[in-house]
């Protein structure tokens, strides 16, 4: 809740959440902002602790937990009690999620419990009845002499049908030479448990993308990773694609308010496509720009417009497009809040100037262009002191600097 308030609110003024928090916590490539879902991350930490228990970690705390809670039951059978700690209740709460995504890879069979551990899909159908069954390992069910199943030991705990199913599933027994048994986390390709793998599992990041989502993913990559775009402009373009701008249509849909119309041209409908592309004012801006775009011929969907344009842009044009659409939005806000309306040519002049400054800054940062230093002609008897400073309008804070030559 605090992270959501930090993202949407400003000071004590509460703002409208324009995008679902679940969308914001998804990766950038899948349409979100990549913010951490703290609930899923907390469950991932619990899964990590539970993994240490079921993988038989030699850590001292694991031995203490086993002695206190698992002396008479396996981790999969243990039940909550009134005396168990909050941490243990939390671990039991994520047990089912981890159980569905782990599998024992049998080596010599000496470690894995034959009935109490996930190594075959029939394990969930058996209930351990006594301590002998809990101690029974996979190796105990196999004849060491010839490597075949011990029929007597199979039928005793599993019954005839269960033993037959296991024998058919593993006709040559699951033993693999003399290697120790290994617990596999099936979510990761290498079988190792990681916090990243658990978080991806819980947040649904491993889901397959549809063709439409894959197209959106490629478009978002161009926005997030294109060189020369300011972070605030990248975030604004993301909001445009999500139709998450505070426009008339959104307030009508959310709160049932009466439509106010477009503040730039007076049209009855004010949505993202109209304000930034279809409006008469926006049409003049795009047509008079260096891009020379006929926005009235654009599709009605914002994502389709972006896909069409970015597929034909060269390396320089995305910067100019982003600067124009950003300044077009700023002009709309000035019109709403200040009643000021600039001519379309002014919007394009500001956008072109912004692109030039950004390109120069990139060249300076990469070393292609030396940082200009103002030089003042002076004689040996003259001393110049160049000063500059800045301060915060509200509150306390500021900085300053001086150079003497």
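Residue numbers (UniProt numbering): 1 to 405. In this text, a Cβ means the ideal position worked out from N, Cα and C, and glycines have one as well.
Does DSSP classify residue i as helix, strand or coil?
i, result
"residue 102", "strand"
"residue 484", "No statement about residue 484 is possible, as the shown extent of the chain runs from 1 to 405 and does not include it."
"residue 233", "helix"
"residue 114", "coil"
"residue 73", "coil"
"residue 289", "coil"
"residue 305", "helix"
"residue 339", "coil"
"residue 398", "strand"
"residue 386", "strand"
"residue 391", "strand"
"residue 333", "helix"
"residue 316", "coil"
"residue 44", "helix"
"residue 25", "coil"
"residue 321", "helix"
"residue 327", "helix"
"residue 61", "helix"
"residue 278", "helix"
"residue 244", "coil"
"residue 79", "coil"
"residue 50", "helix"
"residue 20", "coil"
What is the rounded straight-line gap between the Cα of residue i and the Cα of residue j?
i, j, result
"residue 137", "residue 235", "56 Å"
"residue 61", "residue 67", "10 Å"
"residue 252", "residue 264", "18 Å"
"residue 175", "residue 182", "12 Å"
"residue 321", "residue 306", "10 Å"
"residue 385", "residue 404", "4 Å"
"residue 299", "residue 288", "20 Å"
"residue 254", "residue 103", "47 Å"
"residue 26", "residue 217", "12 Å"
"residue 342", "residue 201", "50 Å"
"residue 79", "residue 69", "9 Å"
"residue 239", "residue 245", "6 Å"
"residue 267", "residue 220", "30 Å"
"residue 325", "residue 33", "20 Å"
"residue 16", "residue 250", "11 Å"
"residue 364", "residue 186", "48 Å"
"residue 117", "residue 24", "37 Å"
"residue 301", "residue 308", "11 Å"
"residue 203", "residue 94", "14 Å"
"residue 282", "residue 224", "24 Å"
"residue 331", "residue 347", "8 Å"
"residue 360", "residue 367", "11 Å"
"residue 257", "residue 98", "47 Å"
"residue 242", "residue 334", "22 Å"
"residue 399", "residue 65", "55 Å"
"residue 351", "residue 276", "15 Å"
"residue 292", "residue 390", "39 Å"
"residue 28", "residue 310", "18 Å"
Among the options, whose alpha-carbon lies nearest the alpha-carbon of residue i?
i, options, result
"residue 149", "156, 157, 167", "167"
"residue 91", "43, 144, 284, 319", "43"
"residue 233", "281, 55, 355", "355"
"residue 162", "47, 365, 115, 312", "115"
"residue 86", "56, 46, 74", "46"
"residue 48", "194, 203, 338", "194"
"residue 178", "75, 329, 106, 41", "106"
"residue 156", "141, 52, 145, 110", "141"
"residue 189", "274, 110, 101, 135", "101"
"residue 318", "55, 402, 145, 237", "237"
"residue 54", "75, 71, 339, 20", "75"
"residue 358", "344, 20, 231", "231"
"residue 362", "153, 21, 36, 229", "229"
"residue 133", "113, 184, 383", "113"
"residue 52", "184, 350, 146, 151", "184"
"residue 327", "313, 143, 344, 338", "344"
"residue 313", "108, 120, 337, 222", "222"
State the beta-bridge partners of residue i as determined by DSSP.
i, result
"residue 137", "113"
"residue 404", "385"
"residue 142", "149"
Any heavy atom of the ligand SAM inside 7 Å of the beta-carbon of residue i?
i, result
"residue 41", "Among the ligands in the structure shown, none appear at all, so the ligand SAM cannot be discussed."
Using beta carbons (cut-off 8 Å, strictly below), is residue i in contact with chain B?
i, result
"residue 223", "The structure shown contains no chain B; it is built from a single protein chain."
Which parts of the region 147 to 232 are runs of the beta strand (DSSP E), unbroken and 3 residues or longer, counting only runs that do not cross its ends?
182 to 185
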